[in-house]
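As they're listed, the protein sequences go chains R and B.
Numbering of the first sequence is given in my numbering, commencing with residue 1 and proceeding in unit increments.
Numbering of the second sequence is given in my numbering, commencing with residue 1001 and proceeding in unit increments.
No residue lacks a Cβ here, since even glycine has one placed at the ideal position from N, Cα and C.
Everything numeric in this text was worked out from a predicted model, so none of it was measured.
Okay, structure first, notes after.
Protein chains: 2
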Amino acid sequence: MPKVQFWYEFASTYSYLAAMRIEALAKAAGVAVEWKPFLLGPIFRAQGWENSPFNLYPVKGRYMLRDLARICAERGLPPFRLPEPFPQNSLYAARLALIGAEEGWGPDFARALFQRQFGEGAVLANKAVLEDALRAAGQDAGPQMQRAETQEIKERLKAQTAEAQALGIFGAPTLITQDGELFWGDDRLEQALAWTAKSAVKQ
Amino acid sequence: MPKVQFWYEFASTYSYLAAMRIEALAKAAGVAVEWKPFLLGPIFRAQGWENSPFNLYPVKGRYMLRDLARICAERGLPPFRLPEPFPQNSLYAARLALIGAEEGWGPDFARALFQRQFGEGAVLANKAVLEDALRAAGQDAGPQMQRAETQEIKERLKAQTAEAQALGIFGAPTLITQDGELFWGDDRLEQALAWTAKSAVKQ
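The following block contains the structure:
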């Protein structure tokens, strides 16, 4: 089955939209999804942004909220909630998701956590929230929380974020195909999956 | 028939994409389109940008080119060409399109000019290019070029750009529905048209 990499950031609202629908769309397209959590902060800082562009440009931030409200309603997602503050600290979430990507529970964990954050306004770095999402993904929360604190996982997340930057990723979500195409945004999900399926047929 | 306002900027690559397909999509949705040319420059400057964000953030600019190449190929448009320099000076084009919006030839003129610019790399402020586009829209080029230089048209374009800003427009293309919803980008065209058609049924 052809594969696509799904690079996502927990603090990113459009990563949430994509995370909630990518598996259904990928299944329909006959494509497998590799979930790749990473941190956008270091990449934004390299572009000279010390904050989310949605905060730096308030008119764009207000539009984003309306855009998300409309899309969540259309897709049957809970009414959109912006957590306080925005963006949230996604460091612990990403470390856990990295373990989950390896062990197979990453997508369930990510969806549970995204839904708590943007459907309920939960604080992403809150221990109880993270533990809830781990349990929703069938995990024993304590040991996974401990493993996320190890030097090994910390270093691996740094390496994964460096990989994102090396791939030319500048926002989230981003899809990378096996033939090296980069698609940015929830809006490009269908196109990236169709591209992946078509490239596979050609080979 | 329900109406939607289509706010576009000639120097904007995604305005080009939307301009080339909006009438066909609107017809299918049973929606009428009001073409509203405006200048994005003053609005960008008010946000602190002295240049296109695609120039300010080169990684985003490179992505935009690839994104446009893929979309143009998918939609059967000519291979995308970025004019030199980018963005182009769209002042004269917008003034002419404003006259055309009143007289009914605005959309034909806009499509002809967009295609010269982004399909052939033509210089937008070049007199011969503008005259060609006027003729493609069935116009006598000389008198329209003269009228575009009048104080009346200059002032009306300023007023139209101020109206865009007052509506909260921060990018192009933007669609505004009769019930005041703002949709940004070629990616939101289908959604804006569906919204317009649905709101009309409700009334």
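| field | Cβ-based contacts, 8 Å cut-off: residues of the stretch 1041-1066 of chain B near chain R | value | Q1047, Y1057, V1059, K1060, R1062, Y1063, R1066
| query | If we cut at 8 Å on Cβ distances, does F1170 of chain B have a partner in chain R? | reply | yes
| task | Would you mind stating whether A1137 of chain B and A1112 of chain B have Cβ atoms separated by less than 8 Å? | result | yes
| Under 9 Å by beta carbon: chain R residues contacting D1187 of chain B | G185, D187, R188
| query | CA-CA distance, Q1144 of chain B and L1096 of chain B? | reply | 7 Å
| field | Pair within 8 Å by beta-carbon distance, L1134 of chain B and F1109 of chain B | value | yes
| task | Measuring only between beta-carbons, confirm whether L182 of chain R sits less than 8 Å from chain B. | result | yes
| query | Secondary structure at F1038 of chain B, three-state DSSP: helix, strand or coil? | reply | coil
| query | Is DSSP giving Q1146 of chain B helix, strand or coil here? | reply | helix
| request: Starting from F1054 of chain B, trace the alpha helix (DSSP H) both ways and give me its first and last residue. | output: 1053-1056
| said: Need the endpoints of the beta strand (DSSP E) that Q1005 of chain B sits in, please. | reply: 1003-1008
| Are the beta-carbon atoms of L189 of chain R and A11 of chain R separated by less than 8 Å? | no
| task | State the Cα-Cα distance for the pair D1140 of chain B and G1106 of chain B, rounded to the nearest angstrom. | result | 14 Å
| field | Same chain, Cβ closer than 7 Å to E1120 of chain B, neighbours up to 5 away in sequence not counted | value | R1081
| Collapsed DSSP secondary structure at I71 of chain R in the structure displayed | helix
| task | Mind checking which residues open and close the alpha helix (DSSP H) that includes F1183 of chain B? | result | Element bounds for F1183 of chain B: not the alpha helix (DSSP H) but the beta strand (DSSP E), 1182-1184.
| task | List the residues that DSSP assigns as beta-bridge partners of A32 of chain R. | result | R:K3
| query | Just reading off the beta strand (DSSP E) that I1176 of chain B is part of, what are its end residues? | reply | 1174-1177
| request: Would you kindly work out how many angstroms separate the C-alpha atoms of W1184 of chain B and A1172 of chain B, rounded to a whole number? | output: 7 Å
| query | What do you get for T13 of chain R, buried or exposed, if any count of 16 or more other CB atoms within 10 angstroms of its CB means buried? | reply | buried
| Which residues in the same chain as Q165 of chain R place their Cβ atom closer than 8 Å to its Cβ, once the five residues preceding and following it in sequence are excluded? | P42, I43, A46
| What's the C-alpha gap between A1148 of chain B and K1154 of chain B? | 7 Å
| request: Please report how far the alpha carbon of Q178 of chain R lies from the alpha carbon of A194 of chain R, in whole angstroms. | output: 13 Å
| Around the Cβ of T150 of chain R, are there at least 16 other Cβ atoms within 10 angstroms (buried) or fewer (exposed)? | exposed
| message | On the CB-based measure, 16 or more other CB atoms within 10 Å of its CB, does V201 of chain R come out buried or exposed? | response | exposed
| request: State buried or exposed for P1079 of chain B, treating a residue as buried only when at least 16 other CB atoms are found within 10 Å of its CB. | output: exposed
| task | Put G1107 of chain B into one of helix, strand or coil per three-state DSSP. | result | A small correction: the amino acid at residue 1107 of chain B is Pro; Gly does not occupy that position in the sequence shown. Residue state, collapsed to three classes: helix.
| Cβ of A125 of chain R within 8 Å of Cβ of P37 of chain R? | no
| task | Determine the DSSP secondary structure at V59 of chain R, reduced to helix, strand or coil. | result | helix
| query | Under 8 Å, do K3 of chain R and A32 of chain R count as touching if we go by C-beta distance? | reply | yes
| field | Where R1081 of chain B sits in the DSSP three-state scheme | value | coil
| query | Going by the beta-carbon positions, is the gap between W49 of chain R and L56 of chain R smaller than 8 Å? | reply | yes
| query | Since V123 of chain R contacts G1168 of chain B with CB under 8 Å, what's their CB separation in whole angstroms? | reply | Actually they do not touch by this definition, with Cβ atoms about 30 Å apart.
| task | Could you spell out the range, first to last residue, of the alpha helix (DSSP H) harbouring I1153 of chain B? | result | 1151-1166
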